[in-house]
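Asker: I have a structure here, written as structure tokens, and I will follow up with some questions on it.
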Amino acid sequence: MAPQDIVTAPALATRGLDKSFGSLLVAGGIELALPQGARYALIGPNGAGKTTLINLMTGMLAPDAGQVLLDGEDITSLKPEQRVKKGLVRTFQINQLFPRLSALEAVTLAICERQGHGGAWWKRLHGYREAVEEAHGILASLHLGENCYRPARELPYGQQRLLEIALALAAKPRVLLLDEPAAGVPESESAELFTAISGLPADITVLFIEHDMNIVFRFATRIIVLVGGRVLLEGSPQEIAADPLVREVYLGKKGHHG
Amino acid sequence: MSGAYASPQLYLEEQARWRSAEIAFWIAALLPFVFFKAYLSLASQIAITALFALSLDLILGYAGIVSLGHAAFFGIGAYAAGLLGKHGWGEPLSGLVIAAAAAALVGFAASFIVARFRHLALIMITLGMGLLLHEAANSASGLTGGADGLQGIKMWPLFGVFKFDLYGVTAYTYSLVVLFLMFLVARRLIHSPFGLSLRGIRENPLRMPAIGASSEAHIRKIYTIAAAIAGVAGALLAQTTSTVSLEVLGFQRSADVLVILILGGAGRLYGGILGAIIYMVARDQFSGLNPQYWYFWIGLLLIAVVMFLPNGILGGMAKLISSWRHRTS
Chain A
1142 MAPQDIVTAP ALATRGLDKS FGSLLVAGGI ELALPQGARY ALIGPNGAGK
1192 TTLINLMTGM LAPDAGQVLL DGEDITSLKP EQRVKKGLVR TFQINQLFPR
1242 LSALEAVTLA ICERQGHGGA WWKRLHGYRE AVEEAHGILA SLHLGENCYR
1292 PARELPYGQQ RLLEIALALA AKPRVLLLDE PAAGVPESES AELFTAISGL
1342 PADITVLFIE HDMNIVFRFA TRIIVLVGGR VLLEGSPQEI AADPLVREVY
1392 LGKKGHHG
Chain B
33 MSGAYASPQL YLEEQARWRS AEIAFWIAAL LPFVFFKAYL SLASQIAITA
83 LFALSLDLIL GYAGIVSLGH AAFFGIGAYA AGLLGKHGWG EPLSGLVIAA
133 AAAALVGFAA SFIVARFRHL ALIMITLGMG LLLHEAANSA SGLTGGADGL
183 QGIKMWPLFG VFKFDLYGVT AYTYSLVVLF LMFLVARRLI HSPFGLSLRG
233 IRENPLRMPA IGASSEAHIR KIYTIAAAIA GVAGALLAQT TSTVSLEVLG
283 FQRSADVLVI LILGGAGRLY GGILGAIIYM VARDQFSGLN PQYWYFWIGL
333 LLIAVVMFLP NGILGGMAKL ISSWRHRTS
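First to last, the sequence lines map onto chains A and B. Last residue of the first sequence: 1399 in this note's numbering, with the numbers rising by one and none dropped. Last residue of the second sequence: 361 in this note's numbering, with the numbers rising by one and none dropped.
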């Protein structure tokens, strides 16, 4: 990495991001700056606008005002697929898999698209050896190697959640936004899932939405608290846990005394 | 189903492997030359319809793009080949190429609209485009012959040697060979990365942009290819029958090919071919007995298949075979 890169802009930043649905404000003046390699948790009560923020960052929703910057570059006008190509990748709270494709096919699909082979219609798929091997490697690293020949819809739910992440990893993210990766997964398995997430390469910037405060405090290095579409607070887990306002608005109900 | 494979490559290779049933099928396609010589013209029509259904399968069965106006491209191919034959260029092969190019051109233009819609909107848009083209051909009677059809098409012998005979020997040979070659192209395509991307669009169009894929570009491409193949099918009909009537562009043809594909099984390449055989043979047999009741039986069959065999007749057969294998092993 060249020296000038070290002092460059954060991996992902937003400037004055606004969005309203009619009279309902879902994002108000959101200013964030995620340094490279950070592990951020995005927390907040239901309806705080957490998923909306991911939709705004990834281009699935257009903001009313403000900008999204990836490595200092303004990507606000780019389409979702163009942002993915630049390294901004997300997963979904509700599985968005390819039900009748096998796990291996699905991840190979994502790799071929990343490498620009998605339109290649004359060469056989199994001829793309490196893509297929990379796909198998990603699946194996998430303990999906055994089941990679089964259609996504036949996988146990916990493995489907892992496939959700595998698809995102296939796009070689530099910034990875995980929308409740452990949603619906039993508590006993969610720690395992987050162990897999924390094992991701250190240069990937990760932002995850999660409700379980034990998980948040264990895996996040920074925490953003979102309430009513606005950033209430951003800080280290210690700062967040100690903040009286956060305790009142959010942690109070959970009774967590970190 | 999910047996172990020695390597991921072998698994993908296995998906694309030629099955013995496939080879048997193409050999069986030669049987009419020996056993059903009186039906070679029908066999030729079946091969043409099968090719038309194959082109629809590429967009509907693989990419999940519904169309109720696919006859538009069949008709463009038919008129292109017919007009060439009428105006002094009766060479069949170059006629096919020109017809394919004409259909592809219109398909490419239409694809910019088609790629932006799904579901009901798409059905209405394709239906509308089909109706537009049908009426345009109807009113341009100076060019197309209007409701009387295009008369006076003179085809030259194939390769300058094989005349299009009354018995349909040349017609069926020609149609079958073209069907087979187009099938090889389609088969190659669906086992490529592009084919995988199409299945991705069918399975979850919302996820595609999230893995960095531009669905619209893929849809435009497959729509253009499918239009070209439909154009070839239409051209074959014009060349082997030496007539083009307005019904090549009709709504009925768009609906029929959809029924054929659903009956046979969409997304399986052979579904449209099997559907065409069943549909055309049944129509030939039943309509001789009681023509006005033909669609009664088709309606009944369609309801039964969709209710009990959601993946078509071929899908039902595949399920039966795999459960039978499961039991014996």
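Think of the CB as a built atom: it goes at the ideal place given N, C-alpha and C, for glycine as much as any other residue. All values derive from a computational prediction rather than experimental measurement.
1) Would a check of beta-carbon distances place H151 of chain B closer than 7 Å to chain A?
2) If you measure beta-carbon to beta-carbon, which residues of the stretch 1322-1353 of chain A are closer than 7 Å to chain B?
3) Quick check on V1225 of chain A - is its C-beta less than 7 Å from some C-beta in chain B?
4) Going by Cα to Cα distance, which pick from B:I335, B:A350, B:V276, B:V291 is closest to A381 of chain B?
5) Return the bridge partner residues of P1292 of chain A from the DSSP annotation.
6) For T1249 of chain A, return the contacting residues in chain D, with the cut-off set at a CB-CB distance below 9 Å.
7) At a CB-CB cut-off below 9 Å, which residues of chain B make contact with L1238 of chain A?
8) Beta carbon of L100 of chain B, beta carbon of T158 of chain B: below 7 Å?
9) So what's A1174 of chain A in DSSP terms, helix, strand or just coil?
10) Among B:G181, B:T272, B:A147, which has the Cα closest to the Cα of G200 of chain B?
11) In the structure shown, what three-state DSSP assignment does S28 of chain B receive?
12) Which term fits Y1298 of chain A, buried or exposed, when burial requires 16 or more other beta carbons within 10 angstroms of its beta carbon?
13) Run down chain A in chain order and give the residues with a C-beta less than 9 Å from the C-beta of L190 of chain B.
14) Would you list the residues sitting across from Q1300 of chain A in a DSSP beta bridge?
15) Apply the 10 Å Cβ neighbour rule to N1134 of chain A and answer buried if 16 or more other Cβ atoms are within range, or exposed otherwise.
16) When the cut-off is 7 Å and only beta carbons count, does H1267 of chain A lie next to chain B?
17) Quick check on I55 of chain B: buried or exposed, where buried means 16 or more other Cβ atoms within 10 Å of its Cβ?
18) Do three or more CB pairs link the stretch 220-233 of chain B to the stretch 1257-1275 of chain A at distances below 8 Å?
19) Applying a beta-carbon distance threshold of less than 9 Å, which residues of chain A neighbour H250 of chain B?
20) Assuming L1266 of chain A and L44 of chain B make a contact with CB atoms under 8 Å, what is their CB distance in whole Å?
21) Check distances from the C-beta atoms of the stretch 1207-1222 of chain A to those of chain B and list, in chain order, the residues that come in under 8 Å.
22) Less than 7 Å between CB atoms is the rule here; does K1264 of chain A satisfy it with respect to chain B?
23) Are the C-beta atoms of L88 of chain B and some chain A residue less than 7 Å apart?
24) Any Cβ of chain A within less than 7 Å of the Cβ of L24 of chain B?
25) Can you check whether the CB of G139 of chain B is closer than 7 Å to the CB of F105 of chain B?
26) Let me make sure I understand the geometry here. Which of A:S1164, A:A1179, A:A1154 has the alpha-carbon closest to that of P1342 of chain A?
27) With distances taken between CB atoms, is the gap from L1173 of chain A to T1199 of chain A smaller than 7 Å?
28) Does the count of Cβ pairs from the stretch 1318-1337 of chain A and the stretch 1352-1363 of chain A closer than 8 Å reach three?
29) Let me know the secondary structure DSSP gives T1232 of chain A once reduced to three states.
30) If I measure Cβ to Cβ from R1315 of chain A and keep anything under 6 Å in the same chain, skipping five residues before and after, which residues do I get?
31) Ends of the alpha helix (DSSP H) at Q271 of chain B?
32) Between which two residues does the beta strand (DSSP E) carrying S207 of chain B extend?
33) Between the Cα of D89 of chain B and the Cα atoms of B:G297, B:W329, B:A350, which residue gives the shortest distance?
34) List the residues of chain B that A1311 of chain A touches, going by C-beta distances under 8 Å, in chain order.
35) Check the C-beta distance from V264 of chain B over to V209 of chain B and give it rounded, since I have them as a contact under 8 Å.
36) If you scan the stretch 159-190 of chain B from start to end, which runs of the alpha helix (DSSP H) of 4 or more residues do you find wholly inside it?
Answerer: Walking through what the data contain:
1) For the purposes of this step, residue 151 of chain B is identified with residue 119 of the second sequence, where counting begins at 1. For H151 of chain B, the answer is no, since every Cβ of chain A falls outside 7 Å of its Cβ.
2) none
3) Locating residue 1225 of chain A in the first sequence gives position 84, counting from the first residue. Cβ-Cβ to chain B under 7 Å: yes for V1225 of chain A.
4) Within the shown structure, residues of chain B are numbered from 33 to 361, placing residue 381 of chain B beyond reach of any answer.
5) As a working note, residue 1292 of chain A is residue 151 in the first sequence. Per DSSP, A:S1243.
6) The structure shown contains no chain D; its protein chains are A and B.
7) Locating residue 1238 of chain A in the first sequence gives position 97, counting from the first residue. Residues of chain B passing the Cβ test: E235, N236, R239.
8) Position 68 of the second sequence, counting from 1, holds the residue named residue 100 of chain B. Position 126 of the second sequence, counting from 1, holds the residue named residue 158 of chain B. Cβ atoms of L100 of chain B and T158 of chain B: closer than 7 Å.
9) Your numbering for residue 1174 of chain A matches position 33 in the first sequence. Here A1174 of chain A sits in strand by DSSP.
10) The residue you call residue 200 of chain B lines up with position 168 of the second sequence. Closest by alpha carbon: B:T272.
11) No statement about residue 28 of chain B is possible, as the shown extent of chain B runs from 33 to 361 and does not include it.
12) In the first sequence, the residue the question calls residue 1298 of chain A occupies position 157. Answer is exposed; the Cβ neighbour count stays below 16.
13) Against the second sequence, residue 190 of chain B aligns to sequence position 158. Chain A residues near L190 of chain B: none, gap ~27 Å exceeds 9 Å.
14) Here the question's residue 1300 of chain A lines up with position 159 in the first sequence. According to DSSP, which records beta bridges pairwise, Q1300 of chain A is partnered with nothing at all.
15) In this structure chain A extends from 1142 to 1399, so residue 1134 of chain A is not present and cannot be described.
16) Translated into positions along the first sequence, residue 1267 of chain A becomes position 126. Yes, contact with chain B.
17) On the second sequence, position 23 is the one that residue 55 of chain B refers to. With fewer than 16 Cβ atoms within 10 Å of its Cβ, I55 of chain B is classed as exposed.
18) yes
19) Counting from 1 along the second sequence, the entry for residue 250 of chain B is found at position 218. G1259, G1260, listed in chain order.
20) Reading the first sequence from its first residue, position 125 is the one you call residue 1266 of chain A. Reading the second sequence from its first residue, position 12 is the one you call residue 44 of chain B. Indeed, because the Cβ distance is near 5 Å, the residues count as touching under 8 Å.
21) K1220, P1221, E1222
22) For the purposes of this step, residue 1264 of chain A is taken as residue 123 along the first sequence, with counting starting at 1. Yes, because at least one Cβ of chain B sits closer than 7 Å to the Cβ of K1264 of chain A.
23) The residue given as residue 88 of chain B occupies position 56 in the second sequence. L88 of chain B does not count as touching chain A.
24) Outside the displayed span of chain B (33 to 361) sits residue 24 of chain B, for which this structure offers no information.
25) Locating residue 105 of chain B in the second sequence gives position 73, where the first residue counts as 1. Locating residue 139 of chain B in the second sequence gives position 107, where the first residue counts as 1. The answer is yes: Cβ separation under 7 Å.
26) If you number the first sequence from 1, residue 1342 of chain A lands on position 201. Among A:S1164, A:A1179, A:A1154, the Cα nearest to that of P1342 of chain A is on A:A1179.
27) Position 32 of the first sequence, counted from the start, is the residue given in the question as residue 1173 of chain A. Position 58 of the first sequence, counted from the start, is the residue given in the question as residue 1199 of chain A. No.
28) yes
29) Within the first sequence, the letter at position 91 stands for residue 1232 of chain A. T1232 of chain A: coil per DSSP, three-state reduction.
30) Taking the first residue of the first sequence as position 1, residue 1315 of chain A is located at position 174. The answer, listed in chain order, is G1228.
31) What you label residue 271 of chain B is simply residue 239 of the second sequence in a count that begins at 1. Q271 of chain B -> alpha helix (DSSP H) spans 247-273.
32) Within the second sequence, residue 207 of chain B is the residue found at index 175, counting from 1. Here S207 of chain B belongs to no beta strand (DSSP E); instead the alpha helix (DSSP H) covers 201-222.
33) Along the second sequence, read from residue 1 onward, the residue named residue 89 of chain B stands at position 57. Of B:G297, B:W329, B:A350, the residue nearest in Cα terms is B:G297.
34) Within the first sequence, the letter at position 170 stands for residue 1311 of chain A. Near A1311 of chain A (Cβ distances below 8 Å), the residues of chain B are I243.
35) The residue given as residue 264 of chain B occupies position 232 in the second sequence. The residue given as residue 209 of chain B occupies position 177 in the second sequence. Actually they are not in contact, since the Cβ atoms of V264 of chain B and V209 of chain B sit about 12 Å apart, beyond 8 Å.
36) Listed in chain order, the complete alpha helix (DSSP H) runs (minimum 4 residues) inside the stretch 159-190 of chain B are 173-176.
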